[in-house]
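Each remark here refers to the structure printed beneath this line.
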Amino acid sequence: MRRNFLASKSYLVLSTMLLTLILLTACANTGDSASNEADNYPEREIEVYVGHGPGGGTDTFVRTITNQMSDIIDGEFNIINQEGGSGVVAMQNAMQQPADGYTLIGDSAYAVTTAAGTNEYGLDQVVPIARVQSDTYALQVKKGTFESIDELVSYAEANPGKIRIGAVGTMGIDEITARRFMKEAGVDMNYIPMEGAGEMHSGILGGHIDVMLEEVGPTMSYIEDEEFEPLVFFSEERIDDFSEVPTTVEKGWDLTDGVERYLMAPADTPQEIIDKLEDASKEAMETEEYQEYAENSYLDLRDGWMGSEDFKNKLEEDIKKYEEILAEIEE
Amino acid sequence: MLEGILMGIDNLFEPLHILILLLAMMIGFLGGALPGISGTMLVIILLPVSYGLDTISAFILLTTIYAASVFSGLISAILFRTPGTPEAVATVFDGYPMTEKGKPGQALGIGILSSATGGVIGTLFLIFLTPILASFALNFSSPEYFALAILGLTVVASLSSGNLIQGFIGVGLGLFVATIGMDPLSGTERFTFGTLELIGGIDLIPVLIGLFAISEVLRKSKQDHTIEKEMQKVKTKVFDSGIINRIKNTIFRSAILGISIGILPGVGATTAAMISYSEAARWSKNKDEFGTGIPEGIAAPEAANNAGAMGAMVPLLALGIPGSATTAVILGAFVLHGLQPGPMLMTDEPGLVYTIFISLLAVNILIIVFANPFIRMFSKIMKVPYSALGPAIIIFCIIGTFAVRNSVFDIWVMLIFGIIGYYLDRMKFPLATIILGVVLGPIAEEEFRRALQMSQGDISIFFTRPISGVLLGLALLAFIIPLVNRIKKYKKA
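Protein chains in written order, with full-length UniProt numbering: chain A, 1 to 331; chain B, 1 to 493.
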């Protein structure tokens, strides 16, 4: 009898359904109620939602900083990559978890996605823990095509729409910065949204695009190999290693924004835990290992550190600024 | 170069490195065999482990896992119609029918042989031709990617097992699924109905697992089960001279094709397997038999995906440009280990690069050695009554699907596609065509639009560039020739 039952159809259907339900419940992660004991924090694994693909700049940042932080606060971090909508999907999922300090968000596009309206969680619902990196953009070309930024600009003036300028993605900080550059410099270029940095680099190497907006960290190897050449840095002061390359401010263009990378948490997270994490990220940033990574990847061109309060204010201003810029672009 | 190879061999044959290689192979085998657990995911999971290792050990670990998982995806694809990794999707088309014919051992044997041969050919190209291949890949830009995707799509006829109209419906459905989510070029939301979950689009893996694995479990649950009937003997025969003679050309051609597609940045081994299966079907004398469980149908995608996976390492190591999702993670790992990926990597770190080469070669050769005991172990599962095995497959499908993006929503997508797949299967609908659309649709769409943006709307960009022109010409021929043949047949009749 028993054997028959085990082999029967109804058993199969029943067991399948039951197991499906169990699994769905398990995956839904109900979580405990928020504990206010910041002293004991962390008592279990901390999950960090990253809205960008593994291996990219934001992901690498989160992995490196949490790797150091785990020694400092004596806890484990688990990185969850959820690509899509420039980090909006990861944000949405993180916000469905309890705000108990065990769910954090690693992001780099918050100000833009909020200004664009794709992210619905304003600064009343999420708080920054700390900004750790403030990267510097550069316009880069294949060596031997354009000698200087002036040459590029005058060529673009003479041939409107002919220069193909590449940057990663659509309506993110990359495209916005590229378009602001065109506006500030008074030139008309053909904007090509690239799928990723790799595709963009091969586009320059293969001559499929003429100029790209990219930080020098990921392209350092090409620059050393004399394949790429930065023409202008988006910063106030010249960069030590590239003292011959001018800056946007020198050229009279008001463009110094770059990609910022930071950790955030749901706003209801206990303040003590936010403080603890803020301190831990500061300490993590100062470790030798982190500094070595920052130096290798040229992430130390500007001071990246900004505490929770200051950065919250900056984000507020940035959101307003991007709202205006986006409205202008859409016109 | 010889010096580098010797250095690589020297590095690999340290006891610790050999141990890591074997361990990584086991992890890769196991993970690849489980549906949903792809090589990409395993590499991500083991990233933190790699921090603690020295650079060479770390990259032996990560690259070996990758190579082993691309191979072992075929096991569950052939035995359970559940592709263990996305790369094994095309292996299902002929692998599972062969199992249904009662020859799972033969199917696995062909898969192993083709994988290992494809992998070895791929690695040899990697070792000796990396700089040349990398500069060839740079000729590919948006128009070429578009043309390649279109050429791939024209194969719908040979995938639709005689019913062309259903084939077109299938591809159309696949293409539609691929458009859901945020428009990659303008950021507009498409078919999301205001839901946030859909903004991220429909991932390939839930569709894949739903259509093939879940629908099959549902179908089998309707069958009458007696435990005796499920007692199957899986005898793996890797070397069978008759079969080897039959498939050796297919393996060789597919490996070359796999490499050529694998080296293109952003395409990867899944597309390589898909296109290679299509081309094998197109050029075969017995194209009507594809999809019914013939050796060529297993050899083509398996040789291509392993070769393609090795090909994806070419732009990574030579240019610092990832050719696939997994190599993108490995690129991140280089940064985490303080290395500077890019054109200087081979000059700056020859020891590391050649050790990676040699360990990839070792893995692909060891596949043959280890595959037999591993499959014997794995196929014991076939003896489990389906009333227990079916639910277990579903559990693994759910865990695997969830793990891709940590998304519960994806599980629902998978279950829905499971039900769709079940009914389509009953109508003998060619499911493969849907996958064709989902895999190639995004490439075709994005690259078409990006190409037009590059040329500022001038459509001639597709025909004036030599590679893209030739590929599109081939696609046109591929479309017209079957039509002409059919008209001729009608006239005769």
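Glycine residues also receive a C-beta, built at the ideal position from the N, C-alpha and C atoms.
What you are looking at is a predicted structure, and each value in this text was computed from that prediction instead of being measured.
Go ahead and label residue i buried or exposed: buried means 16 or more other beta carbons lie within 10 angstroms of its beta carbon, across all protein chains shown.
{"i": "residue 188 of chain B", "result": "exposed"}
{"i": "residue 36 of chain B", "result": "buried"}
{"i": "residue 340 of chain B", "result": "buried"}
{"i": "residue 203 of chain B", "result": "buried"}
{"i": "residue 32 of chain A", "result": "Only weak support exists for where residue 32 of chain A lies, its pLDDT of 47 falling under 50; the coordinates are left without a value."}
{"i": "residue 29 of chain A", "result": "For residue 29 of chain A, the predicted structure reports a pLDDT of 49, less than 50, and the residue's modelled location is therefore unreliable. A value from the coordinates is still provided. Flag for residue 29 of chain A reads exposed."}
{"i": "residue 466 of chain B", "result": "exposed"}
{"i": "residue 229 of chain B", "result": "For residue 229 of chain B, the pLDDT reaches just 48, beneath the cut-off of 50, and the residue's location in the model is therefore unreliable, leaving the point undetermined."}
{"i": "residue 365 of chain A", "result": "Any property of residue 365 of chain A remains undetermined from this structure, which presents chain A solely from 1 to 331."}
{"i": "residue 29 of chain B", "result": "buried"}
{"i": "residue 327 of chain A", "result": "exposed"}
{"i": "residue 44 of chain A", "result": "exposed"}
{"i": "residue 194 of chain B", "result": "exposed"}
{"i": "residue 160 of chain A", "result": "exposed"}
{"i": "residue 2 of chain B", "result": "exposed"}
{"i": "residue 158 of chain A", "result": "exposed"}
Assuming residue i and residue j are in contact, meaning their beta carbons sit under 8 Å apart, how far apart are those beta carbons, in whole angstroms?
{"i": "residue 309 of chain B", "j": "residue 70 of chain B", "result": "4 Å"}
{"i": "residue 126 of chain A", "j": "residue 38 of chain A", "result": "Rounded, the Cβ-Cβ distance is 19 Å, inconsistent with contact."}
{"i": "residue 171 of chain B", "j": "residue 156 of chain B", "result": "5 Å"}
{"i": "residue 211 of chain B", "j": "residue 431 of chain B", "result": "5 Å"}
{"i": "residue 172 of chain A", "j": "residue 86 of chain A", "result": "5 Å"}
{"i": "residue 18 of chain B", "j": "residue 367 of chain B", "result": "Actually they are not in contact, since the Cβ atoms of residue 18 of chain B and residue 367 of chain B sit about 16 Å apart, beyond 8 Å."}
{"i": "residue 422 of chain B", "j": "residue 218 of chain B", "result": "4 Å"}
{"i": "residue 301 of chain B", "j": "residue 260 of chain B", "result": "Not really, about 15 Å apart at Cβ, beyond 8 Å."}
{"i": "residue 147 of chain B", "j": "residue 478 of chain B", "result": "Not confirmed; about 12 Å, so no contact."}
Out of the options, point me to the one whose CA is closest to residue i's CA.
{"i": "residue 453 of chain B", "options": "A:67, A:189, A:134", "result": "A:189"}
{"i": "residue 241 of chain A", "options": "A:230, A:316, A:103, A:152", "result": "A:230"}
{"i": "residue 390 of chain B", "options": "B:259, B:85, B:223", "result": "B:223"}
{"i": "residue 133 of chain A", "options": "A:304, A:236, A:313", "result": "A:304"}
{"i": "residue 321 of chain A", "options": "A:257, A:248, A:70", "result": "A:257"}
{"i": "residue 144 of chain A", "options": "A:193, A:191, A:228", "result": "A:228"}
{"i": "residue 137 of chain B", "options": "A:208, A:120, A:163", "result": "A:208"}
{"i": "residue 448 of chain B", "options": "B:432, B:127, B:433, B:149", "result": "B:149"}
{"i": "residue 267 of chain B", "options": "B:105, B:327, B:400", "result": "B:327"}
{"i": "residue 112 of chain A", "options": "A:328, A:315, A:197", "result": "A:315"}
{"i": "residue 306 of chain B", "options": "B:10, B:125, B:93, B:14", "result": "B:125"}
{"i": "residue 301 of chain A", "options": "A:120, A:237, A:269", "result": "A:237"}
{"i": "residue 369 of chain B", "options": "B:13, B:15, B:1, B:117", "result": "B:117"}
{"i": "residue 123 of chain A", "options": "A:114, A:248, A:130", "result": "A:114"}
{"i": "residue 281 of chain A", "options": "A:260, A:293, A:306, A:295", "result": "A:306"}
{"i": "residue 6 of chain B", "options": "B:375, B:353, B:488, B:473", "result": "B:353"}
{"i": "residue 317 of chain B", "options": "A:198, A:308, A:272", "result": "A:198"}
{"i": "residue 165 of chain A", "options": "A:243, A:193, A:150, A:146", "result": "A:193"}
List the endpoints of the continuous alpha helix (DSSP H) containing residue i.
{"i": "residue 170 of chain B", "result": "164-179"}
{"i": "residue 476 of chain B", "result": "466-492"}
{"i": "residue 313 of chain B", "result": "313-319"}
{"i": "residue 375 of chain A", "result": "Given a span of 1 to 331 for chain A in the structure shown, any question on residue 375 of chain A remains unanswerable."}
{"i": "residue 249 of chain B", "result": "241-262"}
{"i": "residue 318 of chain A", "result": "308-330"}
{"i": "residue 393 of chain B", "result": "386-405"}
{"i": "residue 454 of chain B", "result": "431-454"}
{"i": "residue 15 of chain B", "result": "15-33"}
{"i": "residue 113 of chain A", "result": "110-116"}
Along the chain, where does the beta strand (DSSP E) that runs through residue i open and close?
{"i": "residue 261 of chain A", "result": "260-266"}
{"i": "residue 9 of chain B", "result": "Taken as a continuous stretch (DSSP letters only), residue 9 of chain B belongs to no beta strand (DSSP E), being part of the alpha helix (DSSP H) at 2-12."}
{"i": "residue 292 of chain A", "result": "Counting along the chain, residue 292 of chain A falls outside any beta strand (DSSP E), though it belongs to the alpha helix (DSSP H) covering 288-296."}
{"i": "residue 333 of chain A", "result": "This structure leaves residue 333 of chain A out entirely; chain A is present only between 1 and 331."}
{"i": "residue 256 of chain A", "result": "Where residue 256 of chain A is concerned, there is no enclosing beta strand (DSSP E), given that its DSSP letter is neither H nor E."}
{"i": "residue 410 of chain B", "result": "Segment 408-426 is the alpha helix (DSSP H) holding residue 410 of chain B; no beta strand (DSSP E) there."}
{"i": "residue 230 of chain A", "result": "228-233"}
{"i": "residue 61 of chain B", "result": "Careful: residue 61 of chain B lies outside any beta strand (DSSP E), inside the alpha helix (DSSP H) at 55-80."}
{"i": "residue 49 of chain A", "result": "46-50"}
{"i": "residue 103 of chain A", "result": "103-107"}
{"i": "residue 49 of chain B", "result": "From DSSP, residue 49 of chain B is part of no beta strand (DSSP E) but of the alpha helix (DSSP H) over 39-51."}
Under 8 Å Cβ-Cβ, which residues of chain D neighbour residue i?
{"i": "residue 192 of chain A", "result": "This model lacks chain D altogether; the protein chains it does include are A and B."}
Say yes only if the C-beta of residue i is nearer than 6 Å to one or more non-hydrogen atoms of the ligand NAD, and no if none qualify.
{"i": "residue 438 of chain B", "result": "In the structure on display, the ligand NAD does not appear, and there are no ligands present to speak of."}
* Asked: Which ranges does the alpha helix (DSSP H) cover as unbroken runs of at least 4 residues, wholly within the stretch 124-189 of chain A, from first to last along the chain?
  -> 149-158, 173-185
* **Complete alpha helix (DSSP H) runs within the stretch 94-144 of chain B (minimum length 4 residues, chain order)** => 104-137
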